[in-house]
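What the sequence shown shows, in my numbering, is residues -3 to 144, in sequence order.
Note that the Cβ used here is the ideal one computed from N, Cα and C, for glycine as well.
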Amino acid sequence: MAQTDDQIENLFRFTARFAQEMLSESGDFYPFGATISADGKIAAVSGDVGGEENPQPRDVYESISAQLVRIGAAGGVEGVALVAQVDIPDDLGAQVEKGIRVHIEGDGFARFIYIPYEIRSAGETAVHLHELLAVEVQPQFFKAQSPD
-3 MAQTDDQIEN LFRFTARFAQ EMLSESGDFY PFGATISADG KIAAVSGDVG
47 GEENPQPRDV YESISAQLVR IGAAGGVEGV ALVAQVDIPD DLGAQVEKGI
97 RVHIEGDGFA RFIYIPYEIR SAGETAVHLH ELLAVEVQPQ FFKAQSPD
């Protein structure tokens, strides 16, 4: 289990860093997904929205979510992540409204990890991250493998 925990942490760090890079470069990003295999290889999962040039982020999110459900049910990966920009729920008491949400799952583990952020521009775009907020959620992607 320790190896799986390390892999889930590596997947989280990779996806959070990529989201931060996208925010730094353009101030925005489309939802994206990723998986991590038993040997630690991270693979991207993108959304298929029928070739639309400017798809709605929600459509991209739902497409990736459906793919991750299939991947989780098929097995062969240690963890999956689905990342999006969100407004952080008020009841979490975040210092700012905007956040990166990493929905991360492995067998027996499912969390929304919110990373509140501010974009500060002083000649160069800088993303200031605040303290992480983690919320346990019901599994979506590893339902068949997780205990009820």
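Residue i, enclosing beta strand (DSSP E) - first and last residue
i	result
E101	94 to 102
S117	105 to 117
A40	38 to 41
I32	28 to 32
V45	Premise fails: V45 is in no beta strand (DSSP E) and is neither H nor E.
Distance CB(residue i)-CB(residue j) smaller than 9 Å
i	j	result
G46	G29	no
I145	L19	Given a span of -3 to 144 for the chain in the structure shown, any question on residue 145 remains unanswerable.
Q3	I32	yes
G75	E49	no
I67	F137	yes
A34	V73	yes
A80	Y57	yes
P135	L78	no
I115	V98	no
A90	H126	yes
Candidates the options: closest to residue i by CA position
i	options	result
T121	Q16, I111, E49	Q16
K139	V65, R116, D83	V65
G71	D103, I109, S117, F108	D103
E93	H99, A77, F105, I111	I111
V82	F25, F105, E127, I60	F25
E5	R107, R54, E21	R107
Span of the alpha helix (DSSP H), counted from its first residue to its last, around residue i
i	result
L64	53 to 70
Three-state secondary structure assigned by DSSP to residue i
i	result
A90	coil
P143	Model confidence at P143 stands at a pLDDT of 44, short of 50, so the residue's coordinates are unreliable; what they give is reported in the following sentence. Looking at P143 - three-state DSSP - the assignment turns out to be coil, as it is neither helix nor strand.
N6	helix
D1	helix
L128	coil
Q134	coil
If contact is defined by three or more beta carbon pairs under 8 Å, each pair taking one atom from either stretch, is the segment 115 to 132 in contact with the segment 36 to 50? No: the two stretches stay apart, fewer than three of their Cβ pairs being nearer than 8 Å.
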